[in-house]
Amino acid sequence: MQIESGIRAVLSQPMVYATWQTVLGAKRKHQIIRDEYIRPFKGMRIFDIGCGPAQALEYLDDVTYLGVDLSAEYIAKAKEIHGDKGEFAVESADSIADSDRKFDLVMALGLLHHLEDEQCIALFETAKKALDKGGRVLTFDGVYTDEQSKAAKYFLSKDRGQNVRDAKGYISLAEKVFGEDNVKSHIRYDMTRIPYTHILMECSI
Ligand SMILES: C[S@@+](CC[C@H](N)C(=O)[O-])C[C@H]1O[C@@H](n2cnc3c(N)ncnc32)[C@H](O)[C@@H]1O
C-alpha cells in the first residue's frame, strides 16, 4: 500500500520523484546496488518488478531488461528515458502473468515495503518461478533496526510505503518461499544522504 495524499502525492509524479532521488544521493545508491548486489555481466537477463521510471537501468549496460510497474505514468517515463534499451509494461506485482521466460536476476528495489505480507509471498513465488538455474532475487527496502538513529526512524516513518518492517519481518517472508539457507541479508546505514537504514536480501534457488 502506498500513501498518495499530501506531500507524498507529489512524489508520485515522475519528475518530482527523480529530483527527490537526486537529493537523496540516488547515483551513489544505484552504483552500490549495481556493483555489490546486481553484479552485472554481459547479457545478464534482469526482471525489475516495481521498476518506477527504471532509474536502475541508467547504470546498466549490455543487459536484457524487463521492467514492470503498477504506475502507467512511471512506465511512460521509463519508455521516454530508455527507449528500446529495455522492455517496459504496466503490471501489478500481484498479477504477473505466468510465462516461460527465465531471468538471471529478478529485482524488487523499494517494493516490499509497499506490499502486504501475502503480496510479498506471492511476489517471491512469481520471482522464484522466473529464475533460471543459478539465478537470484534481489530486494532493497527501508528497515527498522535497534541501532538506527532517531532521525532514521523518523524518515522511515514518513515513507510512502505503509509496510516498512524490521529485518526479521522481511527475512521471514523471503524464507517462506526460498528456505532459511537461501536468503542472505545485508543491513546498510550508508546508502543515502539523509539518515536512513536499508536491508538488501539476496535469495537463491
Ligand atoms: C519506491 S518506488 C521504487 C522504484 C524503483 N524500483 C527504484 O528503485 O527507483 C516503488 C515503486 O513500486 C511501485 N509499486 C507499488 N506497488 C506495486 C505493485 N503492487 N505492483 C507493481 N509495482 C508497484 C510504485 O509504482 C513505485 O514505482
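With the numbering used here, you'll find the sequence shown wraps up at 234, consecutive numbering, no jumps. Glycine residues also receive a C-beta, built at the ideal position from the N, C-alpha and C atoms.
TODO: Measure the CB-CB distance between ARG222 and GLY81 and report whether it falls below 7 Å.
DONE: On the sequence shown, position 193 is the one that residue 222 refers to. On the sequence shown, position 52 is the one that residue 81 refers to. Going by C-beta atoms, ARG222 is not nearer than 7 Å to GLY81.
TODO: With a floor of 4 residues, list each alpha helix (DSSP H) that falls wholly inside the region 50-103, ordered by position along the chain.
DONE: 55-61
TODO: Compare the C-beta of ALA118 against all C-beta atoms of chain B and say whether one is closer than 7 Å.
DONE: No chain B is part of this structure, which consists of one protein chain only.
Task: LEU134, DSSP secondary structure in three states - done: On the sequence shown, residue 134 is found 105 positions in, with the first residue counted as 1. LEU134 falls in the strand class under three-state DSSP.
Open item on the list: In the DSSP assignment, the alpha helix (DSSP H) including GLU154 goes from what residue to what residue?
Closed with: The count along the sequence shown starts at 1 and reaches residue 154 at position 125. Residues 146-159.
Open item on the list: Considering only heavy atoms of ligand 1, does any lie closer than 6 Å to the CB of LEU138?
Closed with: Position 109 of the sequence shown, counted from the start, is the residue given in the question as residue 138. Under cutoff, so the answer is yes.
- [ ] Starting from LYS213, trace the beta strand (DSSP E) both ways and give me its first and last residue.
- [x] Mapped onto the sequence shown, residue 213 falls at position 184. Where LYS213 is concerned, the enclosing beta strand (DSSP E) stretches over 212-217.
Task: Spatial neighbours of ILE216 in its chain, beta-carbon cut-off 6 Å, leaving aside the 5 residues before and after - done: Locating residue 216 in the sequence shown gives position 187, where the first residue counts as 1. Answer for ILE216: ILE228, listed in chain order.
Open item on the list: By the three-class DSSP mapping on this structure, what secondary structure does ALA203 have?
Closed with: Your numbering for residue 203 matches position 174 in the sequence shown. Reduced to three states, the DSSP call for ALA203 is helix.
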